[in-house]
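Reviewing the structure listed below.
Numbering (the numbering used here), first residue to last: -3 to 278.
What follows is the structure, encoded as structure tokens:
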């Protein structure tokens, strides 16, 4: 088994699980590629969804947004620190609406590493995200599996009129920008397998390995003739060097929940500034 691991820490994941074979379709749930910068109520350039780094409108005194997690109106001037303070206040008061929904692996066949728009909700740079050369010839089919553990979600109601009128939007077209109106926090990981085996075989094999079920000699032979890339979506150091990729992912996904899990945004949604419509993959 040829295992290729990614040492730099990555940011991904969305919940698009429609077709067995994933194409470059549009989606409205986006992988978070910038864990350190994303925050609820951020104003972001829509086209930057397909860039390596998102482009945010940075300005003081952005219009307050209403955090929808409370029964009362909770107006907060959007910023990363304001979002963290809101979460931590609820965390300290033990009133967070926790959703612990570790999912089964979602496995899909992808046409190539250059065609992952639907899998991630946006275009990605495979050389950065997966440490692979998308232009390299690959004769084997590629199978992608995602693992997610949703811990907590935040949503907000923006004030579109005030946002459009803000001095920071002067000279900018509102239809080119979006509000980050929803963020989900938790844990995410993914694994990519290059193999000549068919979809059902790989799907079953991934589940066997992840859940520590017995594997056959044929399963072992398939793994021995496959190339595996895997990654953990986190900003903290995770040892990817030693051990079975499935064991590493399983350990990461199932360890006890900590305070940090409430601050790790794994995917997000957006609405455009012009009309408040849902934003889809550009």
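Just so it is clear, CB atoms sit at the ideal spot from N, CA and C, and this is done for glycine as well.
Residue i lies in the alpha helix (DSSP H); which residues open and close that run?
i, result
"residue 156", "156 to 161"
"residue 258", "Element bounds for residue 258: n/a, residue is neither H nor E."
"residue 214", "213 to 220"
"residue 81", "76 to 89"
"residue 246", "241 to 250"
"residue 120", "Careful: residue 120 lies outside any alpha helix (DSSP H) and carries neither H nor E."
"residue 206", "195 to 206"
Go ahead and label residue i buried or exposed: buried means 16 or more other beta carbons lie within 10 angstroms of its beta carbon, across all protein chains shown.
i, result
"residue 6", "For residue 6, the predicted model reports a pLDDT of 35, less than 50, meaning its position is unreliable; a value from the coordinates is still stated below. Burial call: buried."
"residue 188", "buried"
"residue 32", "exposed"
"residue 271", "exposed"
"residue 209", "exposed"
"residue 262", "buried"
"residue 163", "exposed"
"residue 194", "exposed"
"residue 77", "exposed"
"residue 190", "buried"
"residue 241", "buried"
"residue 145", "buried"
"residue 128", "buried"
"residue 124", "exposed"
"residue 159", "buried"
"residue 69", "exposed"
"residue 184", "buried"
"residue 117", "buried"
"residue 113", "buried"
Going by DSSP, what residues sit across from residue i in a beta bridge?
i, result
"residue 182", "146"
"residue 141", "103, 187"
"residue 174", "40, 268"
"residue 23", "Answer is none; residue 23 lacks a bridge partner."
"residue 274", "267"
"residue 71", "62"
"residue 165", "In DSSP, residue 165 forms no bridge with anything."
"residue 151", "178"
First and last residue of the beta strand (DSSP E) that includes residue i?
i, result
"residue 52", "Here residue 52 belongs to no beta strand (DSSP E), and DSSP marks it neither H nor E."
"residue 265", "261 to 268"
"residue 224", "223 to 228"
"residue 62", "61 to 63"
Counting only beta-carbon atoms, is residue i nearer than 8 Å to chain B?
i, result
"residue 105", "Protein chain content of the structure displayed is limited to a single chain, and chain B is not contained in it."
For residue i, which option in the options has the closest C-alpha, if you only look at C-alpha atoms?
i, options, result
"residue 47", "62, 61, 28, 54", "28"
"residue 107", "100, 115, 101", "115"
"residue 119", "274, 43, 226", "43"
"residue 279", "150, 199, 122", "The structure shown does not extend to residue 279, since the chain is modelled only from -3 through 278, so no value can be given for it."
"residue 221", "66, 168, 260, 135", "135"
"residue 66", "75, 76, 86", "86"
"residue 202", "23, 74, 101", "101"
"residue 152", "122, 75, 214", "75"
"residue 45", "121, 109, 64, 70", "121"
"residue 126", "249, 276, 223", "223"
"residue 157", "171, 254, 147", "171"
"residue 217", "225, 226, 241, 192", "192"
"residue 89", "249, 255, 55, 275", "255"
"residue 30", "239, 251, 243, 230", "230"
Just to confirm, is the Cβ distance from residue i to residue j under 8 Å?
i, j, result
"residue 140", "residue 180", "no"
"residue 173", "residue 53", "yes"
"residue 72", "residue 269", "no"
"residue 257", "residue 182", "yes"
"residue 176", "residue 34", "yes"
"residue 154", "residue 266", "no"
"residue 150", "residue 63", "yes"
"residue 110", "residue 277", "no"
"residue 25", "residue 259", "no"
"residue 147", "residue 253", "yes"
"residue 245", "residue 226", "yes"
"residue 249", "residue 143", "yes"
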